[in-house]
Amino acid sequence: MKARPSVTLIRPPRVLSRTSLNTVPPVAPLTLAYLAGALRANGVRTVSIDGCAAADRCTPLDDLPFVVNGLTADQIAEQVDGTSLFVGVSCMFSREWIYQKRVIRAVRRQFPHLPIIAGGEHVTADPEFVLRDCPEVSACALGEGEETIVDLARALQKSAPLTGVRGLVLPGPEGVAIRTPRRARLTSIDRIPWPAWDGLPIEVYLDRGFGMDEYLNRSIPMLASRGCPYLCTFCSNPSMWGTRWVARQPADVVDEIAHYKRTYRIDHVEFFDLTTIVDRRWILAFTERLIEAKLGITWTMPSGTRSEALDAEVLEKLRRSGCRGVTYAPESGSRATLKRIKKKVDPNRMLESIRAAVAADLYVKSHLIVGLPGQTAGELWESFTFALRLALSGVHDLLAYPFNAYPGTELYRELVAAGRIDPFAPDHDRFLLGADYGDVENSRSWSECFSARSIRAIAAAIMLTFYIGQFLLRPWRVVRTC
1 MKARPSVTLI
11 RPPRVLSRTS
21 LNTVPPVAPL
31 TLAYLAGALR
41 ANGVRTVSID
51 GCAAADRCTP
61 LDDLPFVVNG
71 LTADQIAEQV
81 DGTSLFVGVS
91 CMFSREWIYQ
101 KRVIRAVRRQ
111 FPHLPIIAGG
121 EHVTADPEFV
131 LRDCPEVSAC
141 ALGEGEETIV
151 DLARALQKSA
161 PLTGVRGLVL
171 PGPEGVAIRT
181 PRRARLTSID
191 RIPWPAWDGL
201 PIEVYLDRGF
211 GMDEYLNRSI
221 PMLASRGCPY
231 LCTFCSNPSM
241 WGTRWVARQP
251 ADVVDEIAHY
261 KRTYRIDHVE
271 FFDLTTIVDR
281 RWILAFTERL
291 IEAKLGITWT
301 MPSGTRSEAL
311 DAEVLEKLRR
321 SGCRGVTYAP
331 ESGSRATLKR
341 IKKKVDPNRM
351 LESIRAAVAA
361 DLYVKSHLIV
371 GLPGQTAGEL
381 WESFTFALRL
391 ALSGVHDLLA
401 YPFNAYPGTE
411 LYRELVAAGR
421 IDPFAPDHDR
431 FLLGADYGDV
441 ENSRSWSECF
451 SARSIRAIAA
461 AIMLTFYIGQ
471 FLLRPWRVVR
481 TC
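The opening position of the sequence shown corresponds to residue 1 in our numbering, with each subsequent residue numbered one higher.
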């Protein structure tokens, strides 16, 4: 009997700064699980290698103040199935590209005959750079990967040219990349197979209580929607997901949660949607369905959400359905800054929603960005005063962090056009290492008014101002925390 074809999927390990304040543990690889589910539904076996699952291993990264957290490149290459049709490597975060390409090169040394397909947000943001910087990559897959990876498997099974697969960027003659026709957005997302977790070390994450928002729970990541209808200039969503927001049927989302409750004994779900709550009717239908299911789980939205649909009725339904808290993302207290970065939010309306969320007994987080290009001293002062208003409104936690220029964003392209970022520089991969909002030592300044040190000091001062205000207004919260 002929064996079914296989594809090897890889998530490289994390790259962490020794000076980062970011202490979030690794999250289970939702991307790999979705890709494995799509391949399996089409008769293709998968070998999934999660380089982050070995979270207790740290290896110094050359002479840099960074460590590799997880399996090394050679350890990953040793686990690749040499009979695979191809190897797919998920490259989500630009700051980790410096090691992601080492993983790709280790696989190429071990298996020179295997095509290597790179995908994910970093690759989608700048595929030409990826091909130029790492010639070992056979093709870059852009955007959502479920349909692309199945078409790749079919093409390679038939030895067909990859130029016939939509949504790819391929190496071309004389270094000029070839783009195949753009792949349309996935809109019937209820037809996407559920993530295939059984081929991944999911129990490592569950047993250790790893998660972005909740610790010591059996927490699993999920998506209830895709895309975001907004065009914020600091966000790479438009190039990766597009600006159309598409939600799954509430019943399908709840059925998936129930499946995980039965199969993995989860007690918490983290929704990693870019913008979970856009449609008021959808969130009311989802929470009502979740309440009726009586699954006994809690849930959060670590990535934040919009405030427009969050009124008192919605917030009460969130709480009753098990939602532990919400994260609001004003980014700035200055209307001038918000207009410049295309953040369509009304600060006063957001504060009303925050007060309603606190009244509904939800844990409320918020965050602000400091040092955006064009941001003046007066605009930063407005963020200072807004931080106090957040404390007055009852926000529990606030993160103020320096702006980072992420590839794929409008601001990144503007900085490249202005000559302030050189993607052709030989040390561009080291430049990308600084794209970590929690890294207090290696962040750069893109402000015309403030140095990197000043921006870090301002961010710290905003948070200090917030917490002093919050504790003076609500000292009982300190007692509850202790």
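Even for Gly, the Cβ is constructed at its ideal location relative to N, Cα and C. Note that the structure is predicted; figures quoted are calculated from it, not measured.
By the neighbour-count definition (other C-beta atoms within 10 Å, threshold 16), Arg14 is a buried residue. With a minimum length of 3 residues, the unbroken runs of beta strand (DSSP E) contained wholly in the stretch 129-209 fall at 139-141 and 168-170.
In the three-state scheme derived from DSSP, where H, G and I count as helix and E and B as strand, Ala452 is classed as helix.
Bounds of any alpha helix (DSSP H) do not take in Pro13, whose DSSP letter is neither H nor E. Collapsing the DSSP output to three states places Pro373 in coil. When DSSP states are grouped into helix, strand and coil, Thr300 belongs to the strand group. A residue is called buried once 16 or more other Cβ atoms fall within 10 Å of its Cβ, and Trp476, having fewer, is exposed. Between Pro195 and Gly37, the CB-CB gap stays under 8 Å. For a cut-off of 8 Å, the C-beta gap from Leu274 to Gly227 is around 7 Å, short enough to register as a contact. Around the beta-carbon of Asp429, 16 or more other beta-carbon atoms lie within 10 Å, marking it buried.
In the same chain as Pro229, and ignoring 5 residues on each side of it, the C-beta atoms closer than 6 Å to its own belong to Thr243 and Trp245, in chain order. Listed as beta-bridge partners of Ala28 by DSSP are no residues whatsoever. Within the same chain, and ignoring the five residues on either side of Ala139 in sequence, the residues whose Cβ sits closer than 6 Å to its Cβ are Ile117, Leu162, Leu168 and Leu170. DSSP lists Trp299 as the beta-bridge partner residues of Cys323. In the structure shown, Ile291 falls within a helical segment according to DSSP collapsed to helix, strand and coil. Note on Lys342: under 16 other CB atoms within 10 angstroms of its CB, so exposed under the neighbour-count rule. A direct Cα-to-Cα measurement between Tyr260 and Thr287 gives close to 18 Å.
Under the criterion of beta carbons closer than 8 Å, Val27 and Gly164 do not qualify as touching, at roughly 35 Å. At least 8 Å separates the beta-carbon of Glu256 from that of Met301.
Ile98 counts as buried, since no fewer than 16 other beta carbons sit within 10 angstroms of its beta carbon.
Counting C-beta atoms within 10 angstroms of its own C-beta, Leu464 has fewer than 16 neighbours from the protein chains shown and is therefore classed as exposed. Per the C-alpha coordinates, the member of Ala329, Val364 and Pro250 positioned closest to Arg319 is Val364. Put simply, of Arg289, Ile455 and Val89 the residue whose alpha carbon is nearest the alpha carbon of Ala106 is Val89.
Contact between the stretch 45-62 and the stretch 190-209 is established, with three or more Cβ pairs separated by less than 8 Å. By the Cβ criterion, the stretch 111-126 is not in contact with the stretch 389-405, since fewer than three pairs of Cβ atoms, one from each stretch, lie closer than 8 Å. Distances from the CA of Ser383 to each of Val24, Ser84, Phe66 and Leu338 were compared; the closest alpha carbon is that of Leu338. The alpha-carbon separation between Ser84 and Leu114 amounts to approximately 7 Å. Cβ-Cβ distances below 6 Å link Arg40 to Ala196 in the same chain, with the five nearest sequence neighbours on each side left out; the list follows chain order.
In this structure, DSSP gives Glu308 a state outside helix and strand, which the three-state scheme calls coil. Taking a C-beta distance under 8 Å as the contact criterion, Ala457 and Ser443 do not qualify as a contact pair. In the assembly as shown, Trp241 is a buried residue. Its beta-carbon has 16 or more other beta-carbons within 10 Å.
With a cutoff of 8 Å on beta-carbon distance, Ala247 and Ala224 are scored as near each other. When the alpha-carbon of Pro407 is set against those of Phe93, Gln79 and Leu64, the nearest one is in Phe93.
Membership of Asp397 in the beta strand (DSSP E) is indicated by the continuous run Asp397 to Pro402.
DSSP, read as helix, strand or coil, puts Pro127 in helix. A buried status is given to Asn217, since no fewer than 16 other beta-carbon atoms sit within 10 Å of its beta-carbon.
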